[in-house]
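In my numbering, the protein residues as written are 5 to 465.
Backbone N, C-alpha and C fix where the C-beta goes; we use that ideal spot for every residue, glycine too.
Everything on this sheet refers to the single structure shown next.
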(Lines of atoms letter the chains of each structure in order from A and count residues from 1; the text may use other names and numbers.)
(Lines give C-alpha, C1' and ligand atoms only; values in the text may rest on other atoms or scores of the structure.)
Protein backbone atom coordinates (compact mmCIF):
# COMPACT_ATOMS: atom_id res chain seq x y z
CA UNK A 1 0.00 0.00 0.00
CA UNK A 2 1.24 3.48 -0.86
CA UNK A 3 0.01 6.49 1.01
CA UNK A 4 1.50 9.95 1.28
CA UNK A 5 0.53 13.60 1.51
CA UNK A 6 -1.27 14.60 -1.64
CA UNK A 7 0.42 17.75 -3.05
CA UNK A 8 -2.14 20.52 -2.65
CA UNK A 9 -0.43 22.80 -5.16
CA UNK A 10 -2.47 22.31 -8.37
CA UNK A 11 0.48 21.83 -10.72
CA UNK A 12 2.17 19.24 -8.52
CA UNK A 13 -1.10 17.41 -7.95
CA UNK A 14 -1.88 17.35 -11.66
CA UNK A 15 1.62 16.07 -12.42
CA UNK A 16 1.17 13.20 -9.95
CA UNK A 17 -2.19 12.18 -11.39
CA UNK A 18 -0.83 12.46 -14.94
CA UNK A 19 2.06 10.17 -13.99
CA UNK A 20 -0.27 7.63 -12.45
CA UNK A 21 -2.53 7.80 -15.50
CA UNK A 22 0.43 7.17 -17.83
CA UNK A 23 1.18 4.02 -15.83
CA UNK A 24 -2.33 2.67 -16.31
CA UNK A 25 -3.89 4.00 -13.10
CA UNK A 26 -6.76 5.76 -14.84
CA UNK A 27 -9.63 5.15 -12.40
CA UNK A 28 -10.22 7.74 -9.64
CA UNK A 29 -12.27 6.85 -6.58
CA UNK A 30 -13.28 8.77 -3.46
CA UNK A 31 -13.69 6.44 -0.47
CA UNK A 32 -15.99 8.15 2.00
CA UNK A 33 -19.48 9.54 1.40
CA UNK A 34 -19.70 11.79 4.43
CA UNK A 35 -19.73 15.59 4.37
CA UNK A 36 -15.97 15.74 3.99
CA UNK A 37 -15.87 13.33 1.05
CA UNK A 38 -18.83 14.75 -0.84
CA UNK A 39 -18.57 18.47 -0.07
CA UNK A 40 -14.91 19.27 0.61
CA UNK A 41 -12.70 16.65 -1.08
CA UNK A 42 -14.93 16.18 -4.14
CA UNK A 43 -15.11 19.96 -4.73
CA UNK A 44 -11.35 20.31 -4.38
CA UNK A 45 -10.52 17.43 -6.71
CA UNK A 46 -13.02 18.34 -9.44
CA UNK A 47 -13.13 22.13 -9.35
CA UNK A 48 -9.61 23.02 -8.21
CA UNK A 49 -7.76 20.24 -10.03
CA UNK A 50 -10.17 19.43 -12.82
CA UNK A 51 -10.12 15.70 -12.12
CA UNK A 52 -12.91 13.36 -13.20
CA UNK A 53 -13.99 11.07 -10.38
CA UNK A 54 -15.04 7.62 -11.61
CA UNK A 55 -17.08 6.61 -8.56
CA UNK A 56 -17.43 6.85 -4.79
CA UNK A 57 -17.03 3.94 -2.36
CA UNK A 58 -18.20 3.51 1.22
CA UNK A 59 -18.80 0.87 3.88
CA UNK A 60 -22.42 2.00 4.29
CA UNK A 61 -24.46 -0.56 2.33
CA UNK A 62 -27.48 1.77 2.24
CA UNK A 63 -25.61 4.01 -0.25
CA UNK A 64 -24.65 1.32 -2.80
CA UNK A 65 -25.94 2.15 -6.27
CA UNK A 66 -27.00 5.67 -5.32
CA UNK A 67 -25.87 8.72 -7.30
CA UNK A 68 -24.87 11.34 -4.76
CA UNK A 69 -23.46 14.28 -6.74
CA UNK A 70 -24.95 16.73 -9.21
CA UNK A 71 -23.12 14.95 -12.04
CA UNK A 72 -24.52 11.57 -10.94
CA UNK A 73 -21.40 9.85 -9.56
CA UNK A 74 -22.38 6.41 -8.24
CA UNK A 75 -21.44 4.78 -4.95
CA UNK A 76 -19.92 1.28 -5.21
CA UNK A 77 -19.35 -1.37 -2.55
CA UNK A 78 -15.76 -2.22 -1.46
CA UNK A 79 -16.05 -5.57 -3.27
CA UNK A 80 -16.59 -3.65 -6.52
CA UNK A 81 -13.68 -1.31 -5.79
CA UNK A 82 -11.40 -4.33 -5.37
CA UNK A 83 -11.94 -5.24 -9.02
CA UNK A 84 -9.93 -2.11 -9.93
CA UNK A 85 -7.23 -2.74 -7.30
CA UNK A 86 -4.18 -2.26 -9.53
CA UNK A 87 -5.43 0.62 -11.68
CA UNK A 88 -7.40 2.75 -9.24
CA UNK A 89 -6.18 5.82 -7.38
CA UNK A 90 -8.24 5.82 -4.21
CA UNK A 91 -8.63 9.10 -2.29
CA UNK A 92 -9.49 8.06 1.25
CA UNK A 93 -11.62 10.99 2.46
CA UNK A 94 -12.65 10.34 6.05
CA UNK A 95 -12.50 11.99 9.41
CA UNK A 96 -9.62 11.26 11.76
CA UNK A 97 -11.82 8.84 13.71
CA UNK A 98 -12.17 6.40 10.78
CA UNK A 99 -9.15 7.05 8.57
CA UNK A 100 -6.69 4.51 10.02
CA UNK A 101 -9.24 1.68 9.97
CA UNK A 102 -10.11 2.34 6.34
CA UNK A 103 -6.46 2.59 5.32
CA UNK A 104 -5.92 -0.84 6.87
CA UNK A 105 -9.01 -2.13 5.04
CA UNK A 106 -7.76 -0.80 1.68
CA UNK A 107 -4.36 -2.35 2.32
CA UNK A 108 -5.89 -5.77 2.87
CA UNK A 109 -7.85 -5.28 -0.37
CA UNK A 110 -4.46 -4.73 -2.08
CA UNK A 111 -5.46 -1.33 -3.44
CA UNK A 112 -2.14 -0.21 -4.85
CA UNK A 113 -2.42 3.60 -4.82
CA UNK A 114 -4.04 5.29 -1.84
CA UNK A 115 -4.05 9.01 -1.07
CA UNK A 116 -5.45 9.97 2.35
CA UNK A 117 -7.12 13.39 2.45
CA UNK A 118 -7.91 13.42 6.15
CA UNK A 119 -8.69 16.91 7.54
CA UNK A 120 -5.63 17.21 9.78
CA UNK A 121 -5.03 20.12 12.12
CA UNK A 122 -4.19 23.27 10.10
CA UNK A 123 -5.01 21.39 6.90
CA UNK A 124 -6.76 23.38 4.15
CA UNK A 125 -9.20 20.45 4.06
CA UNK A 126 -10.32 21.16 7.63
CA UNK A 127 -13.78 22.75 7.70
CA UNK A 128 -14.73 24.80 10.73
CA UNK A 129 -17.29 22.25 11.86
CA UNK A 130 -14.84 19.33 12.08
CA UNK A 131 -13.96 18.64 15.73
CA UNK A 132 -10.34 17.68 16.52
CA UNK A 133 -9.85 15.28 19.45
CA UNK A 134 -7.74 16.91 22.16
CA UNK A 135 -5.10 14.15 22.04
CA UNK A 136 -4.50 14.88 18.35
CA UNK A 137 -3.89 18.59 18.83
CA UNK A 138 -0.73 17.90 20.78
CA UNK A 139 0.49 14.85 18.91
CA UNK A 140 3.89 15.22 17.22
CA UNK A 141 4.56 13.13 14.13
CA UNK A 142 8.13 11.86 14.06
CA UNK A 143 10.43 11.23 11.13
CA UNK A 144 13.20 8.78 11.99
CA UNK A 145 16.15 8.17 9.70
CA UNK A 146 18.12 4.92 9.82
CA UNK A 147 21.79 5.97 10.02
CA UNK A 148 24.10 3.31 8.57
CA UNK A 149 27.43 2.39 6.92
CA UNK A 150 30.61 4.43 6.64
CA UNK A 151 31.39 8.14 6.62
CA UNK A 152 30.48 8.83 2.98
CA UNK A 153 27.07 7.20 3.38
CA UNK A 154 26.53 8.97 6.70
CA UNK A 155 27.00 12.29 4.90
CA UNK A 156 24.25 11.43 2.42
CA UNK A 157 21.91 10.68 5.34
CA UNK A 158 22.98 13.92 7.04
CA UNK A 159 22.09 15.80 3.84
CA UNK A 160 18.65 14.18 3.90
CA UNK A 161 18.24 15.23 7.54
CA UNK A 162 19.00 18.87 6.67
CA UNK A 163 16.54 18.81 3.78
CA UNK A 164 13.79 17.32 5.95
CA UNK A 165 14.41 19.90 8.69
CA UNK A 166 13.89 22.65 6.14
CA UNK A 167 10.83 20.98 4.64
CA UNK A 168 9.17 19.97 7.93
CA UNK A 169 10.36 22.54 10.54
CA UNK A 170 7.65 21.61 13.05
CA UNK A 171 8.14 17.84 12.96
CA UNK A 172 10.28 15.86 15.34
CA UNK A 173 13.14 14.42 13.24
CA UNK A 174 15.65 12.00 14.73
CA UNK A 175 18.20 9.45 13.61
CA UNK A 176 18.44 5.84 14.73
CA UNK A 177 22.08 4.83 15.22
CA UNK A 178 21.37 1.28 16.39
CA UNK A 179 23.07 -0.03 13.22
CA UNK A 180 26.37 0.67 14.99
CA UNK A 181 25.36 -1.19 18.15
CA UNK A 182 24.88 -4.59 16.51
CA UNK A 183 27.36 -7.12 17.88
CA UNK A 184 26.19 -10.16 15.96
CA UNK A 185 27.78 -10.64 12.54
CA UNK A 186 26.24 -12.89 9.90
CA UNK A 187 29.23 -14.83 8.61
CA UNK A 188 27.39 -15.68 5.39
CA UNK A 189 26.89 -12.02 4.50
CA UNK A 190 29.17 -10.59 1.78
CA UNK A 191 28.93 -7.20 3.50
CA UNK A 192 30.92 -8.19 6.58
CA UNK A 193 34.00 -6.53 5.13
CA UNK A 194 32.10 -3.24 5.11
CA UNK A 195 31.15 -3.37 8.81
CA UNK A 196 33.09 -2.10 11.79
CA UNK A 197 31.98 1.50 11.17
CA UNK A 198 31.09 3.98 13.88
CA UNK A 199 28.69 6.90 13.88
CA UNK A 200 31.18 9.63 13.04
CA UNK A 201 29.39 12.97 12.54
CA UNK A 202 30.05 14.27 16.08
CA UNK A 203 33.69 13.17 16.08
CA UNK A 204 34.68 14.30 12.58
CA UNK A 205 32.38 17.29 12.05
CA UNK A 206 31.36 18.40 15.54
CA UNK A 207 27.71 17.81 14.61
CA UNK A 208 26.07 17.18 17.96
CA UNK A 209 22.68 18.82 17.41
CA UNK A 210 20.93 15.92 15.64
CA UNK A 211 18.52 14.18 18.05
CA UNK A 212 19.35 10.51 18.49
CA UNK A 213 16.58 7.96 18.97
CA UNK A 214 17.31 6.68 22.46
CA UNK A 215 14.27 4.88 23.81
CA UNK A 216 13.53 2.50 20.93
CA UNK A 217 15.33 0.37 18.44
CA UNK A 218 14.17 -0.47 14.94
CA UNK A 219 12.76 -3.84 15.94
CA UNK A 220 10.46 -2.20 18.49
CA UNK A 221 9.34 0.43 16.02
CA UNK A 222 8.15 -1.87 13.27
CA UNK A 223 4.64 -2.24 14.64
CA UNK A 224 4.32 1.35 15.84
CA UNK A 225 5.03 3.55 12.84
CA UNK A 226 5.06 3.43 9.06
CA UNK A 227 8.17 1.71 7.74
CA UNK A 228 9.38 3.26 4.51
CA UNK A 229 12.12 1.34 2.70
CA UNK A 230 13.13 4.06 0.27
CA UNK A 231 11.61 6.13 -2.46
CA UNK A 232 11.20 5.99 -6.21
CA UNK A 233 9.31 8.91 -7.66
CA UNK A 234 5.99 9.21 -5.77
CA UNK A 235 6.21 5.61 -4.58
CA UNK A 236 7.81 3.76 -1.70
CA UNK A 237 10.30 1.22 -2.98
CA UNK A 238 13.08 -1.00 -1.68
CA UNK A 239 15.39 0.24 -4.42
CA UNK A 240 17.47 3.40 -4.05
CA UNK A 241 16.32 6.19 -6.36
CA UNK A 242 18.00 6.52 -9.72
CA UNK A 243 19.89 9.72 -10.35
CA UNK A 244 17.25 10.64 -12.93
CA UNK A 245 14.51 10.52 -10.30
CA UNK A 246 13.70 13.93 -8.83
CA UNK A 247 12.89 12.51 -5.37
CA UNK A 248 9.81 14.75 -5.12
CA UNK A 249 8.11 12.24 -2.86
CA UNK A 250 10.48 12.99 0.03
CA UNK A 251 8.88 16.43 0.21
CA UNK A 252 5.42 14.90 0.68
CA UNK A 253 5.81 12.49 3.58
CA UNK A 254 2.61 11.32 5.27
CA UNK A 255 1.56 13.09 8.44
CA UNK A 256 2.32 9.96 10.39
CA UNK A 257 5.23 8.67 12.40
CA UNK A 258 7.59 7.55 9.64
CA UNK A 259 10.67 5.36 9.94
CA UNK A 260 12.85 5.54 6.81
CA UNK A 261 14.64 2.22 7.06
CA UNK A 262 17.09 2.82 4.22
CA UNK A 263 17.84 6.52 4.43
CA UNK A 264 20.62 6.48 1.84
CA UNK A 265 19.41 8.88 -0.88
CA UNK A 266 22.35 9.16 -3.26
CA UNK A 267 20.79 11.96 -5.25
CA UNK A 268 21.15 15.75 -5.27
CA UNK A 269 17.70 16.63 -6.63
CA UNK A 270 15.96 16.90 -3.27
CA UNK A 271 18.79 19.16 -2.06
CA UNK A 272 18.19 21.39 -5.09
CA UNK A 273 14.46 21.60 -4.45
CA UNK A 274 15.02 22.86 -0.88
CA UNK A 275 18.07 24.98 -1.85
CA UNK A 276 20.16 23.21 0.77
CA UNK A 277 23.41 22.49 -1.08
CA UNK A 278 25.40 25.48 0.12
CA UNK A 279 24.23 25.09 3.71
CA UNK A 280 25.35 21.45 3.67
CA UNK A 281 28.68 22.24 1.99
CA UNK A 282 29.55 25.10 4.35
CA UNK A 283 28.57 23.23 7.51
CA UNK A 284 30.59 20.15 6.58
CA UNK A 285 33.66 22.08 5.43
CA UNK A 286 33.79 24.18 8.59
CA UNK A 287 33.25 21.18 10.86
CA UNK A 288 35.79 19.00 9.04
CA UNK A 289 38.57 21.61 9.21
CA UNK A 290 37.88 22.38 12.86
CA UNK A 291 37.78 18.76 14.01
CA UNK A 292 40.55 17.14 11.93
CA UNK A 293 44.02 16.98 13.45
CA UNK A 294 46.82 16.56 10.88
CA UNK A 295 50.24 15.11 11.52
CA UNK A 296 53.33 16.93 10.32
CA UNK A 297 53.47 14.59 7.32
CA UNK A 298 49.81 15.27 6.44
CA UNK A 299 50.37 19.05 6.77
CA UNK A 300 53.16 18.82 4.20
CA UNK A 301 50.83 16.95 1.84
CA UNK A 302 48.15 19.61 2.38
CA UNK A 303 50.68 22.32 1.57
CA UNK A 304 51.53 20.59 -1.72
CA UNK A 305 47.86 20.14 -2.53
CA UNK A 306 46.98 23.79 -2.00
CA UNK A 307 50.00 25.09 -3.93
CA UNK A 308 49.74 22.95 -7.07
CA UNK A 309 47.14 22.14 -9.71
CA UNK A 310 46.24 19.14 -7.59
CA UNK A 311 44.19 16.14 -8.72
CA UNK A 312 43.14 13.41 -6.35
CA UNK A 313 42.73 9.85 -7.63
CA UNK A 314 40.77 7.67 -5.27
CA UNK A 315 41.32 3.91 -5.60
CA UNK A 316 39.00 1.64 -3.63
CA UNK A 317 39.81 -2.04 -3.99
CA UNK A 318 40.59 -4.30 -1.09
CA UNK A 319 37.33 -4.19 0.88
CA UNK A 320 35.36 -4.95 -2.30
CA UNK A 321 37.47 -7.62 -3.99
CA UNK A 322 37.65 -9.53 -0.70
CA UNK A 323 34.14 -10.78 -1.53
CA UNK A 324 33.25 -12.21 -4.93
CA UNK A 325 29.61 -11.23 -4.40
CA UNK A 326 30.55 -7.61 -3.69
CA UNK A 327 32.86 -7.59 -6.68
CA UNK A 328 29.90 -8.61 -8.79
CA UNK A 329 27.81 -5.75 -7.44
CA UNK A 330 30.24 -2.87 -7.15
CA UNK A 331 32.58 -1.06 -9.48
CA UNK A 332 36.13 -2.32 -8.92
CA UNK A 333 37.62 -0.26 -11.72
CA UNK A 334 40.49 -1.49 -13.89
CA UNK A 335 43.50 0.67 -14.67
CA UNK A 336 41.92 1.33 -18.08
CA UNK A 337 39.33 3.45 -16.29
CA UNK A 338 41.90 5.53 -14.44
CA UNK A 339 44.05 6.03 -17.53
CA UNK A 340 41.01 7.21 -19.50
CA UNK A 341 40.06 9.58 -16.68
CA UNK A 342 43.61 10.93 -16.47
CA UNK A 343 43.65 11.54 -20.24
CA UNK A 344 40.40 13.52 -20.05
CA UNK A 345 41.69 15.53 -17.09
CA UNK A 346 44.94 16.43 -18.83
CA UNK A 347 43.02 17.68 -21.86
CA UNK A 348 41.34 20.22 -19.59
CA UNK A 349 44.02 21.36 -17.14
CA UNK A 350 47.74 22.16 -17.25
CA UNK A 351 50.54 20.86 -15.05
CA UNK A 352 48.49 18.44 -12.93
CA UNK A 353 49.96 17.10 -9.71
CA UNK A 354 48.46 13.76 -8.78
CA UNK A 355 47.67 12.56 -5.27
CA UNK A 356 46.63 8.90 -5.17
CA UNK A 357 44.46 8.00 -2.17
CA UNK A 358 43.81 4.40 -1.15
CA UNK A 359 43.55 2.17 1.91
CA UNK A 360 46.70 0.98 3.62
CA UNK A 361 46.24 -2.51 2.14
CA UNK A 362 45.91 -1.06 -1.37
CA UNK A 363 49.09 1.01 -1.25
CA UNK A 364 51.40 -1.50 -2.98
CA UNK A 365 48.91 -2.00 -5.79
CA UNK A 366 48.71 1.76 -6.38
CA UNK A 367 52.45 2.34 -6.30
CA UNK A 368 52.96 -0.43 -8.83
CA UNK A 369 50.13 0.49 -11.21
CA UNK A 370 50.39 4.29 -11.08
CA UNK A 371 54.18 4.37 -11.45
CA UNK A 372 53.72 6.05 -14.87
CA UNK A 373 52.59 9.26 -13.10
CA UNK A 374 55.52 11.59 -12.53
CA UNK A 375 55.94 12.85 -8.98
CA UNK A 376 52.68 11.29 -7.81
CA UNK A 377 52.09 11.41 -4.05
CA UNK A 378 50.58 8.27 -2.51
CA UNK A 379 48.38 8.71 0.55
CA UNK A 380 47.13 5.82 2.68
CA UNK A 381 45.63 6.02 6.16
CA UNK A 382 43.99 3.49 8.42
CA UNK A 383 40.19 3.43 8.34
CA UNK A 384 39.99 5.26 11.67
CA UNK A 385 41.56 8.30 9.97
CA UNK A 386 39.11 8.45 7.08
CA UNK A 387 38.38 12.10 7.96
CA UNK A 388 41.99 12.98 7.09
CA UNK A 389 41.56 11.45 3.64
CA UNK A 390 38.31 13.37 3.18
CA UNK A 391 39.88 16.68 4.19
CA UNK A 392 42.96 16.26 1.99
CA UNK A 393 40.93 15.12 -1.04
CA UNK A 394 38.45 17.97 -0.63
CA UNK A 395 41.34 20.45 -0.89
CA UNK A 396 42.45 19.05 -4.25
CA UNK A 397 41.29 21.21 -7.15
CA UNK A 398 40.27 18.29 -9.36
CA UNK A 399 38.98 14.74 -8.81
CA UNK A 400 39.06 11.24 -10.31
CA UNK A 401 37.18 8.33 -8.75
CA UNK A 402 35.15 5.29 -9.79
CA UNK A 403 33.10 4.05 -6.84
CA UNK A 404 33.24 5.72 -3.45
CA UNK A 405 30.76 7.86 -1.55
CA UNK A 406 33.70 9.27 0.41
CA UNK A 407 35.39 10.45 -2.80
CA UNK A 408 32.06 11.82 -4.04
CA UNK A 409 31.76 14.01 -0.97
CA UNK A 410 35.37 15.15 -1.31
CA UNK A 411 34.60 16.35 -4.85
CA UNK A 412 31.36 17.97 -3.67
CA UNK A 413 32.98 19.81 -0.75
CA UNK A 414 35.69 21.30 -2.95
CA UNK A 415 34.70 24.84 -3.90
CA UNK A 416 37.32 25.47 -6.62
CA UNK A 417 35.37 27.35 -9.30
CA UNK A 418 36.82 25.56 -12.36
CA UNK A 419 37.26 22.09 -10.90
CA UNK A 420 37.28 19.06 -13.18
CA UNK A 421 35.58 15.97 -11.78
CA UNK A 422 35.79 12.67 -13.68
CA UNK A 423 33.92 9.69 -12.26
CA UNK A 424 32.54 6.32 -13.27
CA UNK A 425 29.04 6.50 -14.70
CA UNK A 426 27.80 3.39 -12.92
CA UNK A 427 27.86 2.85 -9.19
CA UNK A 428 26.69 -0.72 -8.59
CA UNK A 429 24.57 -3.48 -10.03
CA UNK A 430 20.96 -2.99 -8.99
CA UNK A 431 18.03 -5.12 -9.97
CA UNK A 432 17.69 -5.44 -12.92
CA UNK A 433 20.28 -2.90 -14.12
CA UNK A 434 23.38 -1.00 -13.10
CA UNK A 435 22.57 2.17 -11.15
CA UNK A 436 24.29 5.45 -11.91
CA UNK A 437 26.57 7.52 -9.75
CA UNK A 438 24.99 10.82 -8.72
CA UNK A 439 26.69 13.84 -10.24
CA UNK A 440 26.52 17.61 -10.51
CA UNK A 441 26.48 19.76 -13.65
CA UNK A 442 29.78 19.71 -15.56
CA UNK A 443 31.01 16.53 -13.86
CA UNK A 444 32.26 14.10 -16.48
CA UNK A 445 31.10 10.49 -16.42
CA UNK A 446 32.95 7.62 -18.08
CA UNK A 447 30.91 4.60 -19.12
CA UNK A 448 32.83 2.27 -16.86
CA UNK A 449 31.06 -1.06 -17.47
CA UNK A 450 33.87 -2.16 -19.79
CA UNK A 451 36.46 -1.32 -17.14
CA UNK A 452 35.43 -3.70 -14.36
CA UNK A 453 36.96 -6.64 -12.53
CA UNK A 454 40.57 -6.80 -13.56
CA UNK A 455 42.13 -9.23 -11.12
CA UNK A 456 39.06 -10.78 -9.52
CA UNK A 457 38.40 -13.26 -12.28
CA UNK A 458 34.72 -12.40 -11.98
CA UNK A 459 32.61 -12.19 -15.10
CA UNK A 460 29.97 -9.45 -15.19
CA UNK A 461 27.67 -11.66 -17.21
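- If you ignore the 5 residues before and after residue 429, its C-beta comes within less than 7 Å of the C-beta of 440, 441, 449, 450, 451, 452, all in its own chain and listed in chain order.
- Looking at the DSSP output, residue 85 sits in no beta bridge, so it has no partner there.
- With the rule of 3 Cβ pairs closer than 8 Å, the stretch 370 to 388 does not count as touching the stretch 281 to 298.
- Residues 176, 261 of the same chain have their beta carbon placed closer than 6 Å to that of residue 146, with the five preceding and five following residues left out of the count.
- With fewer than 16 neighbouring CB atoms inside 10 Å of its own CB, residue 173 falls in the exposed class.
- The C-beta of residue 216 has fewer than 16 other C-beta atoms within 10 Å across all chains shown, which makes the residue exposed.
- Setting aside the 5 residues that flank it on each side, residue 71 is surrounded in the same chain by 77, 78, each with a C-beta closer than 7 Å to its C-beta; the list follows chain order.
- Taking a 10 Å sphere around the C-beta of residue 111, we find fewer than 16 other C-beta atoms and assign the residue as exposed.
- Within the same chain, and ignoring the five residues on either side of residue 30 in sequence, the residues whose Cβ sits closer than 7 Å to its Cβ are 91.
- Of the other Cβ atoms in all chains shown, fewer than 16 fall within 10 Å of the Cβ of residue 22; this residue is therefore exposed.
- Per DSSP, the beta bridge partners of residue 384 are 362.
- Its chain contains 7, 35, 36, 103, 106, 107, 110, 118, 119, 120, 121, 122 as the residues whose beta carbon lies nearer than 8 Å to that of residue 96, once the 5 sequence neighbours on both sides are disregarded; these appear in chain order.
- Excluding five sequence positions before and after residue 211, the CB atoms of its chain that fall closer than 8 Å to its own CB belong to 162, 205, 287, 291, given in chain order.
- Within the same chain, and ignoring the five residues on either side of residue 313 in sequence, the residues whose Cβ sits closer than 8 Å to its Cβ are 353, 354, 355, 356, 357, 401, 402.
- Under DSSP, the beta-bridge partners assigned to residue 79 are 60.
- Straight across, the Cα-Cα distance linking residue 317 with residue 52 is about 54 Å.
- Look at residue 354 here: in three-state DSSP terms it is coil, with no helix or strand label.
- Straight through space, the alpha carbons of residue 178 and residue 61 are spaced by roughly 38 Å.
- Taking a C-beta distance under 8 Å as the contact criterion, residue 359 and residue 390 do not qualify as a contact pair.
- Selection 301, 45, 28 evaluated against residue 385 yields 301 as nearest (Cα-Cα).
- The beta carbons of residue 47 and residue 57 sit no closer together than 8 Å.
- In this structure, residue 160 lies near residue 268, with their beta-carbon atoms less than 8 Å apart.
- One alpha carbon belongs to residue 63, the other to residue 180, and they sit about 39 Å apart.
- Less than 8 Å separates the beta-carbon of residue 150 from that of residue 264.
- 8 Å or more divides the Cβ of residue 414 from the Cβ of residue 444.
- With fewer than 16 neighbouring CB atoms inside 10 Å of its own CB, residue 303 falls in the exposed class.
- When only Cα atoms are considered, residue 213 and residue 165 end up about 11 Å apart.
- DSSP places residue 403 inside the beta strand (DSSP E), whose first and last residues are 402 to 405.
- Rounded to the nearest angstrom, the Cβ distance from residue 167 to residue 270 is 13 Å, too far for a contact under 8 Å.
- For residue 72, there is no enclosing alpha helix (DSSP H), as DSSP gives it neither H nor E.
- For residue 390, the three-state secondary structure derived from DSSP is helix.
- In the three-state reduction of the DSSP assignment, residue 319 falls in the coil class, being assigned neither a helical nor a strand state.
- When secondary structure is reduced to three states using DSSP, residue 450 falls in the strand class.
- When 294, 348, 345 are compared, the shortest CA-CA separation from residue 392 is found for 294.
- With a threshold of 16 other beta carbon atoms within 10 Å, residue 154 meets it and is buried.
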